[in-house]
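Enquirer: As given, the protein sequences belong to chains A and B, one line each in that order.
Oh and the first sequence: position 87 is 87 in the working numbering, straight run, nothing missing.
Positions in the second sequence are counted from 1; adding 1000 to them yields the working numbering.
All C-beta atoms in this analysis are idealised placements derived from N, C-alpha and C, irrespective of residue type, glycine included.
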Amino acid sequence: MVTLTGVSLLFALLAIGTPVAFAMAAAGATGLAMIGGPAMVLGILKTAPFSVANSYEIITVPMFILMAEFVILSGVADDLFRAAAAWVGRVPGGLAMATALAGAGFGAISGSSTAAAATLSSTSIPAMLKQGYEPRLAGGVVAISGTLAMMIPPSIALVLYGIIADVSIGALLIAGIVPGLLVTVTIMLTVFVLVRLDPTRAPAGRAHSLREKVASLSVAGPMLVLFMAVTGSIYLGLATPTEAAGIGAFGAFLLAARARRLSRDGVARALTHAVHATCMILMIILGASIFGYFFTLTQTTQALVAWVGALDAPPWAIMALILFGYVILGCFMDQIAILILTVPVVLPVVVALGYDPVWFGVIVVLTAEVGMVTPPMGLNVFVVARYTRRPLAEIFEGVMPHVVAHALLIALMTALPQIILWLPSTMNM
Amino acid sequence: MGVIDRFGRLLDGIDKAFAAASGVCMFAIMLVVVADVALRYLFNSPLAWSYDVISLYLMVGMFFFGVSDTLRGHGHVAIDVVQKRMSPAGRHAGESIGYALTTLVAAVIAVQAYGRLTESWAADEVMAGAYSWPTWLAMAPVVAGAAMLTVRAAFRTVGHALSVLTREPLIELPPLSETAVSATEDGV
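Here is the structure:
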């Protein structure tokens, strides 16, 4: 009964528009008061807020966010699309494929999916439309390519999962590389099939000379340095993820300085954006920790694990059901909020089923990518629609073939977990 | 200019000053981490104080000085699926109820943090480590930030309630996701 009241209050507050973090804090505090009286609430509100921020490991989140902001400020990502287009722009659908490659490149130096979608929108969509691409195809490929930043390290989503689930952040980040590349290839293949089915969707582009192609690679230099400084140093065991995140932010800051883009206003804006994004996440963690105390006391998680354990169903069927639940949640909730809210409850069930927590982290983020582009809460689609001033429905339609391809990829990685787990198993830890 | 507007501007000013402090903390975290790593690898002499200063002061300061300004900029994500189908009056009412509960929680956090601050001040509490870092100093941003959050949430509670009663939008409603991405521009 107490559990039901707390959970109902949470959903009621979410429904009337209360920010997720405050809804969880208020519902959790109410539930705690019902279980242990006001003294329990006072005790937890005395310690929980300070404990959330008083952590060294958590600086990985703000540092990766700051790195993304400085990367945008530096403008190095602006040329990514042009470089990719020089190499693959000639084939049918080439500019759309170049968008996926640029998305992967952006993802390798930034962990922010919406930032990736915004950057790609401003560079690749005008180029595609100019060449006569179907707007639906162009918008769809940009929205899905933006999600690559969530998976390819540095990934803020995977860092958060690691913190919540108490799983090695280094292993998680490295585990994101192979699936990230596979998603890139899948997006390119989907474009290939779409253009094969109807060649008028994407007229072939002009050829680039070898000189142009080689010249376009100049953008790759600073990117590679930044990628190696962060992901390379984690893989080789030279730096912890927290150190790598700080170095990454500083590296991106230097790139902005090198590009002479370090105005006082620009830096202040980057810092303010990063502060807002970090506080939003930390506040959700605080709300979830208050709600978590309440939820733990109700013993719902243990009951859930016992109930699932007693089910006479194969583990893969239960996993399919869990992932389906994530897709549904992703339709109306923010991905970060879903992660923080559900992982503490779902992970024990997943581990009891015999699945690896690193594998699950990657799969959950892969599923979250789908949530970023499906209605009605498809954040990346909103970003693309706003930047391009095209109707939302058109972009949602354009992204649908990619959602189907994504679902097939998730099924493949569920059937063959080694795809995800192989690379982290070779790490220098 | 009405009382609500004037008070709103005062709050905005304080929030922006706090946010600037939060940004300084974030930038300092970056510099300290890089200096620490550089000194460790190049000179084999890491900063003995970096871990404590970052987790005890800079990280706590960054979060609590920035949390209310994030609310000012509608940066805390909310779910607006139901809101899109509500009348403006209904939305104002919903916001008012949600912020009333938020005010309560934030106020308790502020009061409890103040209690911890005075206790550790009186007991001259320090964090054990290579250096003796005073605990009360770490609690100061929690008190200030939670107090500011309380005032901002209370301001929204009253503003939205008055908007329902007077049938006039005295305080702005948060932007809906299809019309603006202000909350999510900073998103992940």
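Taking beta-carbon pairs under 9 Å, can you tell me which members of the stretch 76–102 of chain A lie near chain B?
Expert: Correct list: empty, as no residue qualifies.
Enquirer: Could you check what DSSP says for residue 179 of chain A in three-state terms: helix, strand or coil?
Expert: Helix, per DSSP.
Enquirer: Does residue 1086 of chain B come out as helix, strand or coil in the three-state DSSP assignment?
Expert: Looking at residue 1086 of chain B - three-state DSSP - the assignment turns out to be coil, as it is neither helix nor strand.
Enquirer: I'd like to know whether the C-beta atoms of residue 147 of chain A and residue 372 of chain A end up nearer to each other than 7 Å.
Expert: Yes. Within cutoff.
Enquirer: Taking the Cβ atom as the reference point for each residue, do residue 231 of chain A and residue 153 of chain A lie within a distance shorter than 7 Å?
Expert: Closer than 7 Å, so yes.
Enquirer: Compare the C-beta of residue 1067 of chain B against all C-beta atoms of chain A and say whether one is closer than 7 Å.
Expert: True, the Cβ-Cβ gap to chain A drops below 7 Å.
Enquirer: Who are the near neighbours of residue 357 of chain A in its chain, counting only those whose CB is closer than 8 Å to its CB and skipping five residues on each side?
Expert: Once the five neighbours on either side are set aside, the close Cβ partners of residue 357 of chain A are 165, 167, 347, 350 and 351.
Enquirer: Using only the alpha-carbon positions, how far apart do residue 293 of chain A and residue 1104 of chain B sit?
Expert: In a straight line, the C-alpha of residue 293 of chain A is about 18 Å away from that of residue 1104 of chain B.
Enquirer: Please classify residue 1134 of chain B: does DSSP put it in a helix, a strand, or coil?
Expert: Strand, per DSSP.
Enquirer: Which same chain residues, not among the five before or five after residue 1049 of chain B, have their C-beta less than 7 Å away from its C-beta?
Expert: Within the same chain, residue 1049 of chain B has close Cβ partners 1130 and 1131.
Enquirer: Nearest to residue 111 of chain A by alpha carbon, out of A/228, A/64, A/257 and A/19?
Expert: For the residues A/228, A/64, A/257 and A/19, the minimum Cα distance to residue 111 of chain A belongs to A/64.
Enquirer: Going by alpha carbons, who is nearest to residue 13 of chain A out of B/1057, B/1097 and B/1012?
Expert: For residue 13 of chain A, the nearest C-alpha among the options comes from B/1097.
Enquirer: With three or more beta-carbon pairs closer than 8 Å as the criterion, would you say the stretch 93–108 of chain A touches the stretch 273–281 of chain A?
Expert: The stretch 93–108 of chain A is not in contact with the stretch 273–281 of chain A.
Enquirer: Taking only three categories from DSSP, how would you classify residue 1026 of chain B?
Expert: Of the three classes helix, strand and coil, the one that applies to residue 1026 of chain B here is helix, per DSSP.
Enquirer: From residue 321 of chain A to residue 301 of chain A, what does the alpha carbon distance come to, in whole angstroms?
Expert: Answer to the nearest angstrom: the Cα atoms are 17 Å apart.
Enquirer: Could you name the residues of the same chain whose beta carbon sits closer than 6 Å to that of residue 360 of chain A, not counting the 5 residues immediately before and after it, in chain order?
Expert: For residue 360 of chain A, where only same-chain residues beyond five positions count, the Cβ hits under 6 Å are 350.
Enquirer: Closer than 6 Å by C-beta to residue 323 of chain A: which residues in its own chain qualify, once you throw out the five before and the five after it? Chain order, please.
Expert: Closer than 6 Å at Cβ, skipping near neighbours: 367.
Enquirer: Please return the same chain residues whose Cβ sits closer than 8 Å to the Cβ of residue 330 of chain A, not counting the five positions on each side in sequence.
Expert: If we look at residue 330 of chain A and ignore the five residues flanking it on each side, its Cβ neighbours are 338, 367, 368, 370, 371, 372, 374 and 377.
Enquirer: Mind reading off the beta-carbon distance from residue 26 of chain A to residue 1101 of chain B? Whole number of angstroms is fine, and I expect it under 8 Å.
Expert: With 8 Å as the limit, residue 26 of chain A and residue 1101 of chain B qualify as a contact, their Cβ atoms being about 4 Å apart.
Enquirer: What does a CB cutoff of less than 7 Å around residue 1110 of chain B pick up in its chain, not counting 5 residues either side in sequence?
Expert: Closer than 7 Å at Cβ, skipping near neighbours: 1143, 1146, 1147 and 1150.
Enquirer: Look at the Cβ atom of residue 340 of chain A, then the Cβ atom of residue 290 of chain A, and state whether they are nearer than 7 Å.
Expert: No, the pair does not count as a contact, with Cβ atoms beyond the cut-off.
Enquirer: Within 7 Å of any Cβ in chain A, is that where the Cβ of residue 1132 of chain B sits?
Expert: So no, residue 1132 of chain B is outside the interface.
Enquirer: Span of the alpha helix (DSSP H) holding residue 334 of chain A?
Expert: Premise fails: residue 334 of chain A is in no alpha helix (DSSP H) and is neither H nor E.
Enquirer: Give the interface partners of residue 1091 of chain B over in chain A, defined as CB-CB distance under 9 Å, in chain order.
Expert: Here the neighbours are 16 and 17.
Enquirer: If contact means a Cβ-Cβ distance below 7 Å, which residues of the stretch 1007–1039 of chain B contact chain A?
Expert: Within the stretch 1007–1039 of chain B, the qualifying residues are 1019, 1022, 1023, 1026, 1027, 1029, 1030, 1033, 1034 and 1037.
Enquirer: Closer than 8 Å, Cβ to any Cβ of chain B: which residues of the stretch 45–70 of chain A, in chain order?
Expert: Per Cβ criterion, the list reads 45, 46, 49, 50, 52, 53, 54, 55, 56, 58, 59, 62, 63, 65 and 66.
Enquirer: Reducing DSSP to helix, strand and coil, say where residue 128 of chain A ends up.
Expert: Residue 128 of chain A: helix per DSSP, three-state reduction.
Enquirer: In three-state DSSP terms, what is residue 1127 of chain B?
Expert: It is a strand residue.
Enquirer: Against residue 1070 of chain B, what residues of chain A qualify as contacts under a CB-to-CB distance less than 8 Å, listed in chain order?
Expert: Correct list: 275, 276, 279, 280 and 283.
Enquirer: Which ranges does the beta strand (DSSP E) cover as unbroken runs of at least 3 residues, wholly within the stretch 94–176 of chain A, from first to last along the chain?
Expert: List check, beta strand (DSSP E) in window: nothing returned.
Enquirer: Tell me whether residue 83 of chain A is buried or exposed, calling it buried when 16 or more other Cβ atoms sit within 10 Å of its Cβ.
Expert: With 16 or more Cβ atoms within 10 Å of its Cβ, residue 83 of chain A is classed as buried.
Enquirer: Under 9 Å Cβ-Cβ, which residues of chain A neighbour residue 1174 of chain B?
Expert: Chain A residues near residue 1174 of chain B: 17 and 19.
Enquirer: Could you tell me if residue 328 of chain A is buried or exposed, where buried requires 16 or more neighbouring beta carbons within 10 angstroms of its beta carbon?
Expert: Exposed: under 16 other Cβ atoms inside 10 Å.
Enquirer: In angstroms with no decimal places, state the Cα-to-Cα distance between residue 264 of chain A and residue 271 of chain A.
Expert: For residue 264 of chain A and residue 271 of chain A, the distance between alpha carbons rounds to 11 Å.
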